[in-house]
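When you number the sequence shown by our numbering, it's gap-free, plus one each residue, and the end is 231.
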Amino acid sequence: MESQKITTIDLGKARRWYLDACGTALAMDLVGERWTLLIARELLLGPRRFGEIRGALEGLSANILTQRLEGMEKAGILRRRTLPSPTNAQVYELTKWGRALEEPIFALSRWAAGSPAHDVTLPLSNGAFMLSLRTMMDGAADPDFAPDLGFRIGGEPFRAQIVNGMLEIERRDPEGADVIFAGEPTNLAATFYGRDPLIESMREGRVTVTGDIVLGQRFVDLFALPVFSND
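1) Residue 104 to residue 203, Cα distance in whole Å?
2) Please name the residue, chosen from 142, 207, 153, that lies closest to residue 132 on a Cα-to-Cα basis.
3) Opposite residue 90 in the DSSP bridges: which residues?
4) My understanding is that residue 171 touches residue 46, with C-beta atoms under 8 Å, so please give their C-beta distance in whole angstroms.
5) Could you tell me how far apart the beta carbons of residue 279 and residue 151 are, in whole angstroms, since I believe they sit closer than 8 Å?
6) Give a yes or no on whether the minimum CB-CB distance between residue 29 and chain B is below 7 Å.
7) Which residue comes first and which comes last in the beta strand (DSSP E) that contains residue 159?
8) Expressed to the nearest angstrom, what Euclidean distance is found between the alpha-carbon atoms of residue 60 and residue 111?
9) Is it right to say residue 42 is buried, meaning 16 or more other beta carbons lie within 10 angstroms of its own, or is it exposed?
10) Candidates 77, 67, 140, 129: which alpha carbon is nearest residue 232's?
11) Could you tell me the distance, in whole angstroms, from the CA atom of residue 222 to the CA atom of residue 148?
12) Consult DSSP for residue 182 and reduce its assignment to one of helix, strand or coil.
13) So within the region 107-168, which uninterrupted alpha helix (DSSP H) runs reach at least 4 residues, ignoring any that extend past its ends?
14) Mapping the DSSP letters down to three states, classify residue 207 as helix, strand or coil.
15) To which residues does DSSP link residue 195 through a beta bridge?
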């Protein structure tokens with residue numbers, strides 16, 4: 001079983017182990033190395049190939065990615081499998097236990113989004129932008145709103161629906177959705193979280209919206225970054 005694999009790790013010989021019984025310390029042992037949580041983030045929307053993971057994480061070398069994937073597999077966080085013919089490609093996917101990282105990743109994202117150091121103009125992967133929508137959407141602000149949403153983020157297709165106040169996201173064709181947003185993730189982030197009105201982003205060509213624009217603005221209105229407070 002995967003849990004048995006985790007217990008066989010020699011903590012005394014592993015690098016950067018805290019040797020602390022606290023669950024927080026063990027979490028840092030498992031996912032605290034640079035890139036590990038971001039790799040897990042990229043897998044939250046489904047299996048990815050090695051090159052797709054590396055392409056989504058600017059600055060991550062092939063050597064380091066190989067090391068992190070091996071470590072995460074050994075820890076039981078992810079597994080490798082080969083897609084059926086005719087694809088026959090090797091992909092990495094989160095295990096059931098690994099998928100449970102979604103909640104702490106989203107909680108950390110919401111917490112950090114309130115920092116004065118948060119800069120929405122920095123590079124952002126296509127998947128990270130879509131996951132930010134799931135993380136930051138205030139479904140309670142418009143509880144009866146349940147549109148069929150499409151996205152082409154950096155050319156990559158996504159489909160999303162609001163279900164019980166939560167945004168459910170899939171990697172699939174957006175055609176036929178009530179409204180389709182298209183653009184680079186940084187431009188879309190500036191529209192959803194910055195001060196750029198949707199119509200202005202469209203006029204300047206940074207974002208394209210196909211379908212019901214009023215519905216699109218209604219969706220954008222569900223997003224705002226938290227205000228930093230140290231009171």
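Where a beta carbon is used, it is the ideal one built from N, C-alpha and C, also for glycine. Every value quoted in this text rests on a predicted model; they were computed, and no experiment measured them.
A quick look at the data gives this:
1) To locate residue 104, count along the sequence shown from 1; it is residue 104. To locate residue 203, count along the sequence shown from 1; it is residue 203. Approximately 38 Å between the Cα atoms of the pair.
2) Stepping through the sequence shown from its first residue, residue 132 is reached at position 132. For the residues 142, 207, 153, the minimum Cα distance to residue 132 belongs to 153.
3) As a working mapping, residue 90 is identified with position 90 in the sequence shown. Residue pairing by DSSP places residue 90 opposite 82 in a beta bridge.
4) Reading the sequence shown from its first residue, position 171 is the one you call residue 171. Reading the sequence shown from its first residue, position 46 is the one you call residue 46. Correct: roughly 6 Å between the Cβ atoms.
5) Not covered by the structure: residue 279. The range shown for the chain is 1 to 231.
6) The structure shown contains no chain B, having only a single protein chain.
7) The residue you call residue 159 lines up with position 159 of the sequence shown. Annotation for residue 159: the continuous beta strand (DSSP E) segment containing it runs 156-163.
8) The sequence position of residue 60 within the sequence shown is 60, counting from 1. The sequence position of residue 111 within the sequence shown is 111, counting from 1. Those two C-alpha atoms are separated by around 24 Å.
9) Looking up residue 42 in the sequence shown gives position 42. Buried: at least 16 other Cβ atoms inside 10 Å.
10) Residue numbering for the chain in the displayed model covers 1 to 231; residue 232 lies beyond these limits and cannot be assessed.
11) Position 222 of the sequence shown, counting from 1, holds the residue named residue 222. Position 148 of the sequence shown, counting from 1, holds the residue named residue 148. CA-CA distance, residue 222 to residue 148, rounds to 15 Å.
12) Within the sequence shown, numbered from 1, the residue matching residue 182 stands at position 182. Reduced to three states, the DSSP call for residue 182 is strand.
13) Runs found: 126-136.
14) As a first step, residue 207 is located in the sequence shown; it is residue number 207 there, counting from the start. In this structure, DSSP gives residue 207 an extended state, which the three-state scheme calls strand.
15) Indexing the sequence shown from 1 puts residue 195 at position 195. Beta-bridge pairing by DSSP links residue 195 to no other residue.
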